[in-house]
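I have placed the structure first, in the form of structure tokens, so that the comments after it can refer back to it.
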Amino acid sequence: MQKAARQWLDSLVSMFFPQVCGVCGRSLVEGEKVLCSHCNLKMSRTNFHLNPNNELASRLVCHAPICRVASLYYYVREDPYSKLIHNLKYNRQRQIGIELAKMLAKEISPSAFFNGINLMLPVPMHWWKEIRRGYNQSRIIAEGIAEVTGIEIGDNLIASRSHATQTRKGSYGRWLNAEGIYAVKNADDLMNKHILVIDDVITTGSTIIHCCEAIADAVPSAKISVLSLATTRLG
Ligand SMILES: [Zn+2]
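Next comes the structure, spelled out in structure tokens:
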């Protein structure tokens, strides 16, 4: 849907269904999007963009050649903030992805995190899963970031086969499960580009690492960075 049409539809919907905070459920006031000001302030931000050697970078860089890593907030299962990701993924609340991504992009832009980045590639989803979910949430996040930064979104990263849902597997099971799923198409288009891989939440890191490995194997000249809405704490 075109941006203007989506904005029009959103304002129409909010006239009939007042928006509430995705964390505490309070009604949102003018200027608040998805989160109320209180929950926004209390959100456990990672601030990874301020520290190039942050814990997530350390977790990922030993597996794949990754330049920069950033993430908006720490994801804790059972924490009320986990509802944001859950509703984005499973309850078709795409506005959560758009608004949190815009917030993330605005917050990290001054750090020069986006400098030199040519293209965003969302972590892909198998086509059948995408049809059932209604959209790929990583693509929605990329669209929100694009609204702020103007960085183009590519479709070069593909899920070449389906895999069982990650949530029921242990760490090692998830690791094996993600292996060989991701592939790159039209690799020549990515030569010498700095690519930002976009994910919703990084847990074990297996998905993002396998995506980055697929890009690095197909396009050795590409630089790769990673951005997610949320990440789990180490340990
Ligand atoms: Zn709230």
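Residue numbers for the sequence shown follow our numbering, beginning at 25 and rising by one. Just so you know, even glycine gets a beta-carbon here, dropped at the ideal spot from N, CA and C. These numbers were taken from a predicted model, which means no experiment stands behind them.
Problem set entry | Cβ-Cβ distance between Leu253 and Ile109 below 9 Å | As a first step, residue 253 is located in the sequence shown; it is residue number 229 there, counting from the start. As a first step, residue 109 is located in the sequence shown; it is residue number 85 there, counting from the start. Yes, these two residues count as a Cβ contact at 9 Å.
For this session: Would you identify the three-state DSSP class for Leu112, choosing helix, strand or coil?
Result: On the sequence shown, position 88 is the one that residue 112 refers to. DSSP places Leu112 in helix when its eight states are reduced to three.
Exercise. What three-state label does DSSP hand Leu258 in the structure shown?
Worked result: As a first step, residue 258 is located in the sequence shown; it is residue number 234 there, counting from the start. Leu258: coil per DSSP, three-state reduction.
For this session: Consult DSSP for Ile219 and reduce its assignment to one of helix, strand or coil.
Result: Taking the first residue of the sequence shown as position 1, residue 219 is located at position 195. Assigned with DSSP and collapsed to three states, Ile219 falls in strand.
Exercise. Can you tell me the Cα-Cα spacing of Val93 and Ile226, whole angstroms?
Worked result: On the sequence shown, residue 93 is found 69 positions in, with the first residue counted as 1. On the sequence shown, residue 226 is found 202 positions in, with the first residue counted as 1. Here the alpha carbons of Ile226 and Val93 stand approximately 11 Å from one another.
For this session: Measure the beta-carbon distance from Ala240 to Thr173 and round it to whole angstroms, keeping in mind my assumption that it falls under 8 Å.
Result: Working through the sequence shown from its first residue, we reach residue 240 at position 216. Working through the sequence shown from its first residue, we reach residue 173 at position 149. 23 Å between Cβ atoms; not a contact.
Problem set entry | Cβ contact check for the region 161-169 and the region 141-152: 3 or more pairs under 8 Å | Result yes; three or more Cβ-Cβ pairs closer than 8 Å.
For this session: Report the rounded CA-to-CA distance for Pro104 versus Asp212, giving the unit in angstroms.
Result: The sequence position of residue 104 within the sequence shown is 80, counting from 1. The sequence position of residue 212 within the sequence shown is 188, counting from 1. Roughly 43 Å separates the two Cα atoms.
Problem set entry | Close Cβ partners of Gly178 (< 6 Å) along its chain, the five nearest in sequence each way excluded | The residue you call residue 178 lines up with position 154 of the sequence shown. Within the same chain, Gly178 has close Cβ partners Leu143, Leu145.
For this session: Just tell me which of Ile90, Val208, Gly204, Leu80 has its CA closest to the CA of Asn180.
Result: As a working note, residue 180 is residue 156 in the sequence shown. Of the listed residues, the one whose Cα sits closest to Asn180 is Val208.
Exercise. Under 8 Å from any heavy atom of ligand 1, does the C-beta of Val47 make it?
Worked result: Here the question's residue 47 lines up with position 23 in the sequence shown. Yes, since a heavy atom of ligand 1 falls inside the 8 Å radius drawn around the Cβ of Val47.
Exercise. Can you tell me the Cα-Cα spacing of Thr70 and Ala183, whole angstroms?
Worked result: Reading the sequence shown from its first residue, position 46 is the one you call residue 70. Reading the sequence shown from its first residue, position 159 is the one you call residue 183. Distance between the alpha carbons of Thr70 and Ala183: 28 Å.
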